[in-house]
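K.L.:
Encoded as structure tokens, here's the structure I'll be asking about.
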Amino acid sequence: MYDIIVVGGGPAGLTAALYGRRAGKSVLLIEKNAFGGQITWSPKVENFPSVLEISGLELADRFVEQVLDKGAEIELDEVTELSVEGGTKTVKTALGGEFQSRSVILATGAKPRKLGVEGEDRFIGSGISFCAVCDGEFYKGRKVAVIGGGNSALQEAIYLSKLCEEVVLIHRREEFRGDKKLVENVKKQENIKLCLSVKVVAFTGENAFEGIKISSKDGEERIISVDGAFIAIGHEPDNGIFKEIAKVDEDGYFDSDEGCKTESQGIFVAGDCRKKSVRQLTTAVADGAVAAVAACGYLDGIY
Ligand code: NAP
Numbered sequence: 697m698y699d700i701i702v703v704g705g706g707p708a709g710l711t712a713a714l715y716g717r718r719a720g721k722s723v724l725l726i727e728k729n730a731f732g733g734q735i736t737w738s739p740k741v742e743n744f745p746s747v748l749e750i751s752g753l754e755l756a757d758r759f760v761e762q763v764l765d766k767g768a769e770i771e772l773d774e775v776t777e778l779s780v781e782g783g784t785k786t787v788k789t790a791l792g793g794e795f796q797s798r799s800v801i802l803a804t805g806a807k808p809r810k811l812g813v814e815g816e817d818r819f820i821g822s823g824i825s826f827c828a829v830c831d832g833e834f835y836k837g838r839k840v841a842v843i844g845g846g847n848s849a850l851q852e853a854i855y856l857s858k859l860c861e862e863v864v865l866i867h868r869r870e871e872f873r874g875d876k877k878l879v880e881n882v883k884k885q886e887n888i889k890l891c892l893s894v895k896v897v898a899f900t901g902e903n904a905f906e907g908i909k910i911s912s913k914d915g916e917e918r919i920i921s922v923d924g925a926f927i928a929i930g931h932e933p934d935n936g937i938f939k940e941i942a943k944v945d946e947d948g949y950f951d952s953d954e955g956c957k958t959e960s961q962g963i964f965v966a967g968d969c970r971k972k973s974v975r976q977l978t979t980a981v982a983d984g985a986v987a988a989v990a991a992c993g994y995l996d997g998i999y
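Heads up, the working numbering is the position in the sequence shown plus 696, with the first residue counted as 1.
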């Protein structure tokens, strides 16, 4: 029986594990894919205090190293079920694992949002990607598109502009949501072409991916031929399997209070998976600490 099981190995979950261990609790952290969550897709992180500049992958490695050094246990597996019986929480996993704990911190993050247009599902993984750092290399010297206008899309476009012959940045408005500094940087890259105030209506191709059908404000449609498309239009939570235990709002984010507590005793939430106004690396890390302190307080009978 563990004191704390942390579900999710992004910055929030890893920080929760760190704080749990530093408080002397036994901690098991379960992650289904890769440690670091969304930051592993960030080629350059410049807003993590005290670190001038670091790749997301390296930052993730440092998080994991620190957590292992402090003695947390780690499982690479997918949590498929969480049940609560009195003070005992049971977590089941896809590989047949069954683990018990006195408290659980859900730090399940969010998954990339899809556009929901024709051809999207067909070409995901063979023309459409959600991660330039992971898949950019496949499009070296070729023409690609990035869809979105936030920091992720701007960063992906800049990253791909160093690898690809041309990057078309497609956004549904004239103004970008992302940071001014990144917008300026995008505009400086000669091989990034802006395609603004257009809607993506379909991904096209007979047998293989060929391009993106866009529609302008006046309804005029045309196809942009590209070798690959990177969708970067934000993220959405994936909390469905936990919603009987931790309440979610209308958008699927966990409801919690300022202390990352849910209405279920001993169940805490942290990071992008919970309802909050700012979803950043630093706020995920902050949540991890808050949730772990709350979990320790619960375990010690303080709250
Ligand atoms: P985001 O800031 O929510 O931006 C999403 C973008 O996608 C917006 O431009 C939005 O357009 C567009 N969009 C959303 N739904 C769309 C749809 N159905 N069709 C077309 N376009 C759509 O998401 P993000 O860029 O992934 O960033 C998420 C958070 O992480 C943000 O807080 C961001 O600042 C942060 N982040 C930080 C870094 C860093 O290095 N510090 C890097 C990446 C992300 P509208 O603007 O028109 O709504």
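Backbone N, C-alpha and C define an ideal beta-carbon position, used for all residues, glycine too. Model, not experiment: these values are computed from the prediction.
Out of 853, 848, 847, state which residue places its alpha-carbon closest to the alpha-carbon of residue 840.
P.N.:
853
K.L.:
Could you give the distance in angstroms between the alpha-carbon of residue 763 and the alpha-carbon of residue 717?
P.N.:
8 Å
K.L.:
With 16 as the cutoff for other CB atoms within 10 Å, does residue 928 come out buried or exposed?
P.N.:
buried
K.L.:
In the DSSP output, which residue or residues are listed as bridge partners for residue 957?
P.N.:
964
K.L.:
Are there three or more Cβ pairs, one per stretch, closer than 8 Å when the segment 952-966 is compared with the segment 798-805?
P.N.:
yes
K.L.:
Report all residues from its chain with a CB closer than 7 Å to the CB of residue 911; omit the five preceding and five following residues, and keep chain order.
P.N.:
894, 895, 897, 917
K.L.:
In its own chain, which residues sit with a C-beta less than 7 Å from the C-beta of residue 890, not counting the 5 before and 5 after it?
P.N.:
865
K.L.:
Could you tell me if the beta carbon of residue 738 falls within a distance shorter than 8 Å of some heavy atom in the ligand NAP?
P.N.:
yes
K.L.:
Assign residue 735 to one of three DSSP states: helix, strand, or coil.
P.N.:
In this structure, residue 735 counts as helix in the three-state DSSP scheme.
K.L.:
For residue 836, which residues from the same chain have a beta carbon less than 8 Å from its beta carbon, with the 5 sequence-adjacent residues on both sides left out?
P.N.:
859, 860
K.L.:
Just to check my reading of the structure: residue 932 and residue 807 have Cβ atoms closer than 8 Å, yes? What is that Cβ distance to the nearest angstrom?
P.N.:
Residue 932 to residue 807, Cβ: 6 Å. Contact.
K.L.:
What is the DSSP secondary structure of residue 921, counted as helix, strand or coil?
P.N.:
strand
K.L.:
Roughly how many whole angstroms lie between the Cα atoms of residue 984 and residue 906?
P.N.:
42 Å
K.L.:
Which residue or residues does DSSP assign as beta-bridge partners of residue 895?
P.N.:
911
K.L.:
Output needed for residue 825: all residues of its chain with C-beta closer than 6 Å, excluding positions within five of it in sequence on either side, in chain order.
P.N.:
831, 926
K.L.:
Spell out a yes or no on whether the segment 700-709 and the segment 731-751 are touching, meaning 3 or more CB-CB pairs, one atom from each, closer than 8 Å.
P.N.:
yes
K.L.:
Taking DSSP as the reference, what is the three-state secondary structure of residue 851?
P.N.:
Residue 851 falls in the helix class under three-state DSSP.
K.L.:
Looking at the ligand NAP, does it come within less than 8 Å of residue 840, judged from the CB to the closest heavy atom?
P.N.:
Flag unset: Cβ of residue 840 not near the ligand NAP.
K.L.:
Comparing the CB of residue 847 with every heavy atom of the ligand NAP, is any distance shorter than 8 Å?
P.N.:
yes
K.L.:
What residues in its chain sit with their C-beta under 6 Å from that of residue 885, if we drop five residues either side in the sequence?
P.N.:
857
K.L.:
Give a single yes or no on whether residue 947 has its beta carbon closer than 8 Å to a heavy atom of the ligand NAP.
P.N.:
no
K.L.:
Look up residue 933 in the DSSP assignment and say whether it is helix, strand or coil.
P.N.:
strand
K.L.:
Is the beta carbon of residue 711 sitting closer than 9 Å to the one on residue 981?
P.N.:
yes
K.L.:
Could you compute how far the alpha carbon of residue 771 sits from the alpha carbon of residue 978?
P.N.:
25 Å
K.L.:
Please check the pair residue 793 and residue 817, which I expect to be a contact at CB under 8 Å, by giving their CB distance rounded to whole angstroms.
P.N.:
No, residue 793 and residue 817 are not in contact; Cβ-Cβ is about 30 Å, not under 8 Å.
K.L.:
Taking only heavy atoms of the ligand NAP into account, decide whether any of them is closer than 8 Å to the Cβ of residue 863.
P.N.:
No; taking the cut-off as 8 Å, the Cβ of residue 863 has no heavy atom of the ligand NAP nearer than that.
K.L.:
Look up residue 970 in the DSSP assignment and give the residues it is bridged to.
P.N.:
Its beta-bridge partners are 950.
K.L.:
Would you say the beta carbon of residue 743 comes nearer than 8 Å to a heavy atom of the ligand COA?
P.N.:
Absent from the structure shown: the ligand COA. Ligands present: the ligand NAP.
K.L.:
Using 9 Å as the threshold, is the C-beta distance between residue 904 and residue 779 below it?
P.N.:
Taking 9 Å as the cut-off, the beta carbon of residue 904 is found no closer than this to the beta carbon of residue 779.
K.L.:
What I want to know is whether the C-beta of residue 974 ends up closer than 8 Å to one or more non-hydrogen atoms of the ligand NAP.
P.N.:
yes
K.L.:
Could you give the distance in angstroms between the alpha-carbon of residue 834 and the alpha-carbon of residue 819?
P.N.:
Residue 834 and residue 819 have their C-alpha atoms some 15 Å from each other.
K.L.:
Under the rule that 16 or more other beta-carbon atoms within 10 Å means buried, what is residue 743, buried or exposed?
P.N.:
exposed
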